[in-house]
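Heads up: the sequence shown runs through residues 77 to 451, numbered per my numbering. All residues carry an ideal CB built from backbone N, CA and C; glycine is no exception. None of these values were measured; they are calculated from a predicted model.
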Amino acid sequence: MILGDNLAVMVSLLEEYENRVNLIYVDPPFFTNRHYAARVGKGEDSRRPQEWQLAEGYPDHWVDLDAYLDMLYPRLKLMHRLLAEDGTLYLHLDWHADAYARLLLDEIFGPDNLLNEIIWVYHGPSPIRSAFNRKHDTILAYVKGERYTFNADAVRQPYDPNTVKTFAASTKAGFGKIPDLERGKVPEDWWYFPVVARLHSERTGYPTQKPQALLERIILASSNPGDLVADFFSGSGTTAVVAQHLQRRFIAVDAAWRAAHTARSRLVQVGAAPFSFESSLPAPFPAPAEAAVQIEEGELVLNPQVQAGVDYWEIDPAWDGSVFRSASQSLRTRRSPQVSCRLSLSGQVPGKPICVRLVGVDGSLSQAVISRVDQ
Ligand SMILES: C[S@@+](CC[C@H](N)C(=O)[O-])C[C@H]1O[C@@H](n2cnc3c(N)ncnc32)[C@H](O)[C@@H]1O
77 MILGDNLAVM
87 VSLLEEYENR
97 VNLIYVDPPF
107 FTNRHYAARV
117 GKGEDSRRPQ
127 EWQLAEGYPD
137 HWVDLDAYLD
147 MLYPRLKLMH
157 RLLAEDGTLY
167 LHLDWHADAY
177 ARLLLDEIFG
187 PDNLLNEIIW
197 VYHGPSPIRS
207 AFNRKHDTIL
217 AYVKGERYTF
227 NADAVRQPYD
237 PNTVKTFAAS
247 TKAGFGKIPD
257 LERGKVPEDW
267 WYFPVVARLH
277 SERTGYPTQK
287 PQALLERIIL
297 ASSNPGDLVA
307 DFFSGSGTTA
317 VVAQHLQRRF
327 IAVDAAWRAA
337 HTARSRLVQV
347 GAAPFSFESS
357 LPAPFPAPAE
367 AAVQIEEGEL
377 VLNPQVQAGV
387 DYWEIDPAWD
397 GSVFRSASQS
407 LRTRRSPQVS
417 CRLSLSGQVP
427 GKPICVRLVG
437 VDGSLSQAVI
447 SRVDQ
């Protein structure tokens, strides 16, 4: 998990990962000219936006289309370089910029390497009354050559019950071709998955979060267990969460602190295998956290007065002054809306201090280094 601008991050990854990433899924800002806030409260009512608890999300503002494409083009070129010879890039956009991005990808990958133009359809409320409701996104999938991974059997779906009935009634249906009804079909290039709504358990509150089911289909089809999957606009970390669930390795990058933090706590919550959290940005440590904690009988105890304002906190019991190794954590979840007040200090090393990091519900980060008390 890397916090930083993906341009710099991808350039620095080239040395080790050029031609080595098996699958890239990216869902960049769509060129909507909007600002997306994160919802940090619980179960906000869509009809009462004035009551939502909001925090910094991410901006999608551009001077014009050129400025947007100037952002996208060098990043797509780097993704092409990072992609393995058998790899696939999925670029997720909508009507605002998909046509322009397709031309960029035709240039970078070659027009013959467009694997699919996938349409993701969904439902949801819309204020639009002067046109049809815009309820689909476009996902452009490009490969590098003919030898790409596509696991058709991993994504097969049951046939529509009407199709099954038709073939049961007559073997002449389908112009003599009888599908293997047991095995199921390879999905079409239009997909229906519900958007991540207010009451869905996977919802993080991070804006424009994509459904895990969508990523599952992409990752199962275009990678194998052990492969490396990357998302350079990772937001709430959907790709990383699904990748690790399906036994793939992942690289997830986002420039927004709130995104990186959301992804990190989501990975902790689903019990992901240990992963590293790197930052190419100076750490935002506005307020020291010393006052918020104290050591008590082998545990670090959070002051109950600050507990309600804490989204996540973690401890490195043997801080080396540079790499934070998170040994224990507690986070707010839907089910337990307050972090635990106590974290174990096991793993202390003589001579090394304890480092504690707190993330506020507003996205603020604070850190304190506490000298070890020898017992
Ligand atoms: C549409 S959201 C991604 C949502 C994500 N797919 C999910 O399921 O949560 C786009 C993300 O791109 C990030 N982003 C925008 N410009 C970036 C850049 N230059 N480098 C890294 N991340 C960037 C934003 O911070 C935002 O989190």
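Near ligand 1, which residues have their beta-carbon closer than 5 Å to a heavy atom?
Listed by chain position, these are ASP81, ASN82, ASP103, TYR134, THR284, GLN285, LYS286, PHE309, GLY311, SER312, THR314, ASP330, ALA331, ALA332, ALA335.
HIS337, enclosing alpha helix (DSSP H) - first and last residue:
In the sequence shown, residue 337 corresponds to position 261, counting from 1. 333-345 is the span of the alpha helix (DSSP H), which, as asked, contains HIS337.
Rounded to a whole number of angstroms, what is the C-alpha to C-alpha distance between LEU257 and ASN227?
Locating residue 257 in the sequence shown gives position 181, counting from the first residue. Locating residue 227 in the sequence shown gives position 151, counting from the first residue. Distance between the alpha carbons of LEU257 and ASN227 is about 18 Å.
Excluding sequence positions up to five away, which residues of its chain have a Cβ less than 7 Å from the Cβ of SER312?
The residue you call residue 312 lines up with position 236 of the sequence shown. Contacts found: THR280, TYR282, GLN285, ALA335, THR338, ALA339, ARG342.
Measure the CB-CB distance between LEU419 and LEU376 and report whether it falls below 8 Å.
Start at 1 with the first residue of the sequence shown, and residue 419 comes out as number 343. Start at 1 with the first residue of the sequence shown, and residue 376 comes out as number 300. Contact flag set, yes.
Enclosing alpha helix (DSSP H) for ASN238 [first to last residue]
Within the sequence shown, residue 238 is the residue found at index 162, counting from 1. Where ASN238 is concerned, the enclosing alpha helix (DSSP H) stretches over 237-245.
My output table needs one value for GLN370: the three-state DSSP class, helix, strand or coil.
Taking the sequence shown and counting its residues from 1, the one referred to as residue 370 is at position 294. Secondary structure at GLN370: strand, using DSSP grouped into helix, strand and coil.
As assigned by DSSP and simplified to three states, the class of ILE295:
Working through the sequence shown from its first residue, we reach residue 295 at position 219. It is helical.
Could you give the distance in angstroms between the alpha-carbon of ALA249 and the alpha-carbon of PHE243?
As a first step, residue 249 is located in the sequence shown; it is residue number 173 there, counting from the start. As a first step, residue 243 is located in the sequence shown; it is residue number 167 there, counting from the start. Between ALA249 and PHE243, the C-alpha separation is close to 6 Å.
CB-CB under 8 Å to VAL415, same chain, minus the five flanking residues each way: which ones, in chain order?
Here residue 415 corresponds to residue number 339 of the sequence shown, with the count starting at 1. Correct list, in chain order: LEU378, GLN383, VAL386, ASP387, TYR388, TRP389, SER406, LEU407, ARG408.
Should GLN451 be labelled buried (16 or more other beta-carbon atoms within 10 Å of its own) or exposed?
Here residue 451 refers to the residue found at position 375 of the sequence shown. With a pLDDT of 46 at GLN451, under the threshold of 50, the modelled position of this residue cannot be trusted; read the value that follows with caution. Exposed, since its Cβ has fewer than 16 Cβ neighbours within 10 Å.
Taking DSSP as the reference, what is the three-state secondary structure of SER88?
Mapped onto the sequence shown, residue 88 falls at position 12. Residue state, collapsed to three classes: helix.
Tell me, to the nearest whole angstrom, how far the beta carbon of ILE100 is from that of HIS168; I am working on the premise that it is less than 8 Å.
Counted from its first residue, the sequence shown places residue 100 at position 24. Counted from its first residue, the sequence shown places residue 168 at position 92. With a contact defined as Cβ atoms closer than 8 Å, ILE100 and HIS168 miss out at about 11 Å.
Segment contact flag, the region 426-442 with the region 309-328, C-beta cutoff 8 Å, min 3 pairs
no
CA nearest to the CA of ALA332, picked from ASN98, PRO105, ARG178, LEU304
In the sequence shown, residue 332 corresponds to position 256, counting from 1. Nearest C-alpha to ALA332: PRO105.
Among the candidates ARG410, GLN424, GLN381, GLU373, whose CA atom is the shortest distance from the CA of ILE391?
Taking the first residue of the sequence shown as position 1, residue 391 is located at position 315. Among ARG410, GLN424, GLN381, GLU373, the Cα nearest to that of ILE391 belongs to GLN424.
My guess is that LYS482 and PHE185 are in contact by the Cβ rule of under 8 Å, so how many angstroms apart are they, rounded?
For the chain, the structure presents residues 77 to 451; residue 482 sits outside this window and is missing.
For ASN98, three-class secondary structure by DSSP
Indexing the sequence shown from 1 puts residue 98 at position 22. Strand, per DSSP.
Stretch-stretch touch, CB-based, cutoff 8 Å, three pairs: the region 131-150 with the region 263-278:
no
Compute the distance between the beta-carbons of ILE294 and ALA319, then report whether it is under 8 Å.
On the sequence shown, residue 294 is found 218 positions in, with the first residue counted as 1. On the sequence shown, residue 319 is found 243 positions in, with the first residue counted as 1. No.
Could you check the C-alpha separation between VAL116 and LEU83 for me, to the nearest Å?
Here residue 116 refers to the residue found at position 40 when the sequence shown is read from its first residue. Here residue 83 refers to the residue found at position 7 when the sequence shown is read from its first residue. Taken atom to atom, the span from the alpha-carbon of VAL116 to that of LEU83 is near 28 Å.
Beta-carbon spacing of VAL262, ARG232 below 8 Å
Translated into the one-based positions of the sequence shown, residue 262 becomes position 186. Translated into the one-based positions of the sequence shown, residue 232 becomes position 156. Going by C-beta atoms, VAL262 is nearer than 8 Å to ARG232.
Counting only runs of 4+ residues fully inside the region 252-322, write out the alpha helix (DSSP H) ranges in chain order.
288-298, 314-321
State the DSSP-derived secondary structure class of GLN424, mapped to helix, strand or coil.
As a position in the sequence shown, residue 424 is number 348, starting the count at 1. DSSP places GLN424 in coil when its eight states are reduced to three.
Please state whether DSSP places ASN192 in a helix, a strand or coil.
Along the sequence shown, read from residue 1 onward, the residue named residue 192 stands at position 116. Residue state, collapsed to three classes: strand.
Which word fits ALA173, buried or exposed, when buried means at least 16 other C-beta atoms lie within 10 angstroms of its C-beta?
Mapped onto the sequence shown, residue 173 falls at position 97. By the neighbour-count rule (16 or more Cβ atoms within 10 Å), ALA173 is buried.
Should GLN443 go down as buried or exposed, given a rule of 16 or more other Cβ atoms within 10 Å for buried?
As a working note, residue 443 is residue 367 in the sequence shown. The residue in question, GLN443, is buried, as its Cβ has 16 or more Cβ neighbours within 10 Å.
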